[in-house]
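Number of protein chains: 2
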Amino acid sequence: MGKKITLALPAKDEVWKFKKYVCRAKLLDLRGGKPIVILNQDEAHQNDIYMGHRVVLQADGRKTYARVDLSDDMVKIGEIGLFGEVADELKVKEGQAVLIHHTGRPESIEYIKNKIDGKELAPPHMRKIIDEVMDDSLSEGEMAAFMSACYIRGMTDNEVVGLTDAIVATGSPFHVGKIPVVDKHCIGGVAGNRTTMVIVPIMAAAGAYMPKSSSRSITSAAGTADTMETICEVSLPIEEMERQVRKVGGCVVWGGAINLAAADDKLIKIRNPLSLDPKGVLLASILAKKKSVGAQYCIIDIPIGRGVKVQDAKEAQALARDFIGIGKRLGIEIEAMITDGSEPIGRGIGPALECRDVLRALENKDHPHDLKEKSCQMAGVLLELCGKAQKGRGYGIAMQLIENGKALAKFKEIVEWQGGNVKKLTSDSMDGRIGSRHHTVKASAGGKISHIDNKLMSKIARAAGAPADKGAGIFLRVHRGDVVKAGDSLFDIFSESESKLDFAIKALEGWEAVELEKVVLDRVR
Amino acid sequence: MGKKITLALPAKDEVWKFKKYVCRAKLLDLRGGKPIVILNQDEAHQNDIYMGHRVVLQADGRKTYARVDLSDDMVKIGEIGLFGEVADELKVKEGQAVLIHHTGRPESIEYIKNKIDGKELAPPHMRKIIDEVMDDSLSEGEMAAFMSACYIRGMTDNEVVGLTDAIVATGSPFHVGKIPVVDKHCIGGVAGNRTTMVIVPIMAAAGAYMPKSSSRSITSAAGTADTMETICEVSLPIEEMERQVRKVGGCVVWGGAINLAAADDKLIKIRNPLSLDPKGVLLASILAKKKSVGAQYCIIDIPIGRGVKVQDAKEAQALARDFIGIGKRLGIEIEAMITDGSEPIGRGIGPALECRDVLRALENKDHPHDLKEKSCQMAGVLLELCGKAQKGRGYGIAMQLIENGKALAKFKEIVEWQGGNVKKLTSDSMDGRIGSRHHTVKASAGGKISHIDNKLMSKIARAAGAPADKGAGIFLRVHRGDVVKAGDSLFDIFSESESKLDFAIKALEGWEAVELEKVVLDRVR
Numbered sequence: 386m387g388k389k390i391t392l393a394l395p396a397k398d399e400v401w402k403f404k405k406y407v408c409r410a411k412l413l414d415l416r417g418g419k420p421i422v423i424l425n426q427d428e429a430h431q432n433d434i435y436m437g438h439r440v441v442l443q444a445d446g447r448k449t450y451a452r453v454d455l456s457d458d459m460v461k462i463g464e465i466g467l468f469g470e471v472a473d474e475l476k477v478k479e480g481q482a483v484l485i486h487h488t489g490r491p492e493s494i495e496y497i498k499n500k501i502d503g504k505e506l507a508p509p510h511m512r513k514i515i516d517e518v519m520d521d522s523l524s525e526g527e528m529a530a531f532m533s534a535c536y537i538r539g540m541t542d543n544e545v546v547g548l549t550d551a552i553v554a555t556g557s558p559f560h561v562g563k564i565p566v567v568d569k570h571c572i573g574g575v576a577g578n579r580t581t582m583v584i585v586p587i588m589a590a591a592g593a594y595m596p597k598s599s600s601r602s603i604t605s606a607a608g609t610a611d612t613m614e615t616i617c618e619v620s621l622p623i624e625e626m627e628r629q630v631r632k633v634g635g636c637v638v639w640g641g642a643i644n645l646a647a648a649d650d651k652l653i654k655i656r657n658p659l660s661l662d663p664k665g666v667l668l669a670s671i672l673a674k675k676k677s678v679g680a681q682y683c684i685i686d687i688p689i690g691r692g693v694k695v696q697d698a699k700e701a702q703a704l705a706r707d708f709i710g711i712g713k714r715l716g717i718e719i720e721a722m723i724t725d726g727s728e729p730i731g732r733g734i735g736p737a738l739e740c741r742d743v744l745r746a747l748e749n750k751d752h753p754h755d756l757k758e759k760s761c762q763m764a765g766v767l768l769e770l771c772g773k774a775q776k777g778r779g780y781g782i783a784m785q786l787i788e789n790g791k792a793l794a795k796f797k798e799i800v801e802w803q804g805g806n807v808k809k810l811t812s813d814s815m816d817g818r819i820g821s822r823h824h825t826v827k828a829s830a831g832g833k834i835s836h837i838d839n840k841l842m843s844k845i846a847r848a849a850g851a852p853a854d855k856g857a858g859i860f861l862r863v864h865r866g867d868v869v870k871a872g873d874s875l876f877d878i879f880s881e882s883e884s885k886l887d888f889a890i891k892a893l894e895g896w897e898a899v900e901l902e903k904v905v906l907d908r909v910r
Numbered sequence: 386m387g388k389k390i391t392l393a394l395p396a397k398d399e400v401w402k403f404k405k406y407v408c409r410a411k412l413l414d415l416r417g418g419k420p421i422v423i424l425n426q427d428e429a430h431q432n433d434i435y436m437g438h439r440v441v442l443q444a445d446g447r448k449t450y451a452r453v454d455l456s457d458d459m460v461k462i463g464e465i466g467l468f469g470e471v472a473d474e475l476k477v478k479e480g481q482a483v484l485i486h487h488t489g490r491p492e493s494i495e496y497i498k499n500k501i502d503g504k505e506l507a508p509p510h511m512r513k514i515i516d517e518v519m520d521d522s523l524s525e526g527e528m529a530a531f532m533s534a535c536y537i538r539g540m541t542d543n544e545v546v547g548l549t550d551a552i553v554a555t556g557s558p559f560h561v562g563k564i565p566v567v568d569k570h571c572i573g574g575v576a577g578n579r580t581t582m583v584i585v586p587i588m589a590a591a592g593a594y595m596p597k598s599s600s601r602s603i604t605s606a607a608g609t610a611d612t613m614e615t616i617c618e619v620s621l622p623i624e625e626m627e628r629q630v631r632k633v634g635g636c637v638v639w640g641g642a643i644n645l646a647a648a649d650d651k652l653i654k655i656r657n658p659l660s661l662d663p664k665g666v667l668l669a670s671i672l673a674k675k676k677s678v679g680a681q682y683c684i685i686d687i688p689i690g691r692g693v694k695v696q697d698a699k700e701a702q703a704l705a706r707d708f709i710g711i712g713k714r715l716g717i718e719i720e721a722m723i724t725d726g727s728e729p730i731g732r733g734i735g736p737a738l739e740c741r742d743v744l745r746a747l748e749n750k751d752h753p754h755d756l757k758e759k760s761c762q763m764a765g766v767l768l769e770l771c772g773k774a775q776k777g778r779g780y781g782i783a784m785q786l787i788e789n790g791k792a793l794a795k796f797k798e799i800v801e802w803q804g805g806n807v808k809k810l811t812s813d814s815m816d817g818r819i820g821s822r823h824h825t826v827k828a829s830a831g832g833k834i835s836h837i838d839n840k841l842m843s844k845i846a847r848a849a850g851a852p853a854d855k856g857a858g859i860f861l862r863v864h865r866g867d868v869v870k871a872g873d874s875l876f877d878i879f880s881e882s883e884s885k886l887d888f889a890i891k892a893l894e895g896w897e898a899v900e901l902e903k904v905v906l907d908r909v910r
């Protein structure tokens, strides 16, 4: 009997090893702190080299590695622009030939292609994709294709768990070494929603451990990290964060400064350009941050309503179930809370203004009522979840910790550990941190307030300088349901400079950030 | 009766107008021929600015535009690197503040998002996407997301027609002013498949008009434009191309040099990184080139088999039907031919080697038999389609035009119009153009040849220097079905330099470019 033997095609990876080309050195009078070359974009793309890839360079028997920047204009076809560091290493002169060698086609491109084709990605493939995202092997286009595929195809639970584990693996290990470890997360989109800064001291005061890492603002007027930064440091080394949480029970730090779930920042950047938020990536990105601090119990705040990310209760419930299910597989007990996100929380929007609201809530002042109320409801659920309160008693305990001043004392302890000066720290003391230029926006007509737009408020506060200018932002004088007359003050815009204040006022033109429910009688004639 | 009036949310476009930020000028000792700035990648992305975007710059009352390059390293956060041209225009000094203002979020991002969400894109939306691809408003990531969405979601006929028209609209008008205007296209993937250079002179000799624009090689050893360039110019101004086709009946030029369907080149670049070839984009890209030269009749060569783009007859038939259907809506009568693409056509692979094959076919030499045969079969179909031959007579007429030397004479006329010297142009004269360094690859065992791998042959020819080195490539001494003994010559590698020849030989190691069908008897014991 005869047997037909045919040889396998060469592996795709092998074929890619061919990619080499030669360019003439163009010495750039620039140094970048690390080896960088600039390649002509068209020529690089033809050779499968993309922005951020690594290349091997050879000249005259010397060899080195460099990161690729691309330009259409700076270097012509046939040229390679060398930063000082690279020119030194290769010892090449202007015009000398340099062999450019692709370090190889990233392995994960194959897996991204599989995802595009609708196949399920196994954990090691997810891991490879994240590893290659982390070491800058993938181009912007390749990463965007991956996000688009996750968005369009959706992700299985296995894939979400695989992605979460892959993200966690990119971070540094973190161990509080005490229990219970709790955490919270908010899906976002609500201006002024600074519950974290109220919940953390409540939980710590109740004996739980809450290693909270927060984000800086991406599109809003302030992230929790921006707001906390008004009064103390938020960039702590991971060891200090560990020590603080062990001793004090909590912290509020900027996640970007520590290396807990390093891939997450990069994934946010990839999602951003097209505002693609594949649900599975969102889940993994959030839960990786929880898992990497060792959280055992976690609450998720899902605000719904006009203008926030999640539009209706049905969508929110589905998302809640996803969180709970994936959480279970990751060993995190989760409770999700669907909250009203249709108007800003508190009265301030912008770092210092929001920080004043937080202090007022912890000082048990009457206003802003909504921030204190929401924070205590959430802390209550978390207290019950982690066993620090009996069922039905959580909210009462949280409120009590505010009323007896223990949450405020704990908050000051946290601020002090993070390098802040708490001697004269009160909500009133924050007045001095708020921008000196201001403008009051008044109602052009009378009526009942039907909507206060989160996005628009954030944009105006940003135009006024927030979050970089800590004192910039908005102070809301009204809430939804209030009845106003023409000429009544609606909100104040604060800014640290006259020009930014003007910019914010100009930005407001033609829009109604505070909308009225106008009741018009039919005309009779 | 009361009416509830609520105001519309501000349009997304409006919100984006807020994006402005200030950086300190870093003057770069570089000039790019046009205004370029380098922004810090992270900071730019945060402000929704991506590679290639346009920005408005303001400093001290002066204002200018520039194209954006990005770098992680060259400029820090808070810095803007200015090329000489920009610094001159703004008259700024080192460290001076520059206001960076996004010219606006590209409108087409909304449409790309719609496509991602599974909505059908109307012709004006397709048009906007292509226009913004053309003016560099879209980032690599945005374009990759569009391609991924077209690939995963698929495209409706309406979308393909809309995309085709949008691509055609980016080109310059072209009018032969005579009829019939014919064209051909090959889906590609077959090494040495230079039928175009044989078909064009046959069609022109028969009285049809064939304004053929061809591509340069992207991943193969030679494109038709590379091969034609061995003997004449292929970069003609569009007016000369028009004049030539009107007078001579045909041309073979490089599509990249003319502006017939300008968007197409860009689309190829976008598809390339992930090798995504959404069928609808492929159809539009090909048919736009046909429509833009005013083709009325067109044949499409769809090679199938192992190692080429289309794997089987079923897939090829579906693709053929798509071509015919979309063609009808565009006013182009199309006939598709499904051909055997499982081994190279002709004996040469690489510009000069393929050009020799073309000349041998036109000179009516016995070999390479397959190139002449395939070209005449295709020309025959096209002759019948455009009315220059009765049904069933096309092949005979094509063969006759080769036998009576009219096709060769027409070919020389075309080459001469394109600036080539035809006095001593024969297939034998091409021998002098073939690389002087060569290496013969021999069979390591005996047997019947079962497969000659197109991709691997192309890769070896590329490693030897093709297509940039016109004389580099491969000469096949065997075809599938031939029986060889151990030590028989299989193919020669030609190169213009010893080092590239070595590189090609090394590249071959461990692979079997020519596979044998080994017949092994069962062992009896």
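The listed protein sequences derive, respectively, from chains A and B. Every number in my numbering is 385 more than the matching position in the first sequence, counting from 1. Every number in my numbering is 385 more than the matching position in the second sequence, counting from 1. Glycine is no exception: its CB is placed at the ideal position from the N, C-alpha and C atoms.
- Unbroken beta strand (DSSP E) stretches of 3 residues or longer found wholly inside the region 711–748 of chain B: 718–725, given in chain order.
- For a Cβ distance threshold of 9 Å, residue set 533, 536, 537, 659, 661 of chain A lies close to residue 501 of chain B, ordered along the chain.
- Distances from the alpha-carbon of residue 827 of chain A to those of A:672, A:577, A:873 put A:873 closest.
- In this chain, the beta strand (DSSP E) harbouring residue 482 of chain A covers 482–487.
- Under the Cβ distance rule, residue 525 of chain A counts among the residues neighbouring chain B, one pair being separated by less than 8 Å.
- Residues of chain A with a Cβ closer than 7 Å to the Cβ of residue 813 of chain B do not exist, since the nearest Cβ in that chain sits about 32 Å away.
- Contact residues of the region 412–436 of chain B toward chain A are 413, 414, 415, 417, 418, 419, 421, 427, 430, 431, 433, 435, 436 (C-beta to C-beta distance below 8 Å).
- The Cβ of residue 458 of chain A sits closer than 8 Å to at least one Cβ of chain B.
- Around residue 668 of chain A, the same chain offers 545, 707, 708, 711 as residues with beta carbons nearer than 7 Å, after the five sequence neighbours per side are excluded.
- In terms of Cβ geometry, residue 439 of chain A and residue 452 of chain A form a close pair [threshold 8 Å].
- The beta carbons of residue 649 of chain A and residue 552 of chain A sit closer together than 8 Å.
- Residue 891 of chain A is classed as exposed because its beta carbon has fewer than 16 other beta carbons within 10 Å across all chains shown.
- In the three-state scheme derived from DSSP, where H, G and I count as helix and E and B as strand, residue 802 of chain A is classed as helix.
- Taking 8 Å as the cut-off, the Cβ atoms of residue 759 of chain A and residue 730 of chain A count as close.
- Interface with chain A (8 Å Cβ-Cβ cutoff): residue 595 of chain B is excluded.
- Between the region 499–512 of chain B and the region 472–482 of chain B, the count of C-beta pairs closer than 8 Å stays below three; the two stretches do not touch.
- Note that the region 678–687 of chain A touches the region 715–722 of chain A; at least 3 beta-carbon pairs, one per stretch, sit closer than 8 Å.
- Under DSSP, residue 596 of chain B shares a beta bridge with B:636.
- A direct Cα-to-Cα measurement between residue 488 of chain A and residue 469 of chain B gives close to 33 Å.
- With a threshold of 8 Å between beta carbons, residue 842 of chain A makes no contact with chain B.
- For the options B:621, B:527, B:675, the alpha carbon positioned closest to that of residue 641 of chain B is the one of B:621.
- Within the region 442–492 of chain B, the complete beta strand (DSSP E) segments of 3 residues or longer fall at 447–456, 464–467, 482–487, listed in chain order.
- DSSP, reduced to helix, strand and coil, places residue 435 of chain A outside both helices and strands of the structure shown, so it counts as coil.
- In the DSSP assignment, residue 571 of chain A forms a beta bridge with A:686.
- Legend: CB atoms of the region 477–508 of chain A lying less than 9 Å from CB atoms of chain B belong to residues 494, 497, 498, 501, 502, 503.
- Under the DSSP assignment, residue 876 of chain A falls in the beta strand (DSSP E) whose first and last residues are 874–880.
- Residues of chain B whose Cβ lies closer than 9 Å to the Cβ of residue 528 of chain A are, in chain order, 526, 529.
- For residue 834 of chain A and residue 498 of chain B, the gap between their C-alpha atoms comes out near 33 Å.
- Only 452, 454, 455, 456, 457, 458, 459 from the region 438–467 of chain A bring a Cβ to less than 8 Å from some Cβ of chain B.
- Excluding sequence positions up to five before and after residue 883 of chain A, its CB lies within less than 6 Å of the CB of 822, all in the same chain and listed in chain order.
- Straight through space, the alpha carbons of residue 595 of chain B and residue 568 of chain B are spaced by roughly 6 Å.
- Residue pairing by DSSP places residue 425 of chain B opposite B:456 in a beta bridge.
- Secondary structure of residue 831 of chain A (DSSP, three-state): coil.
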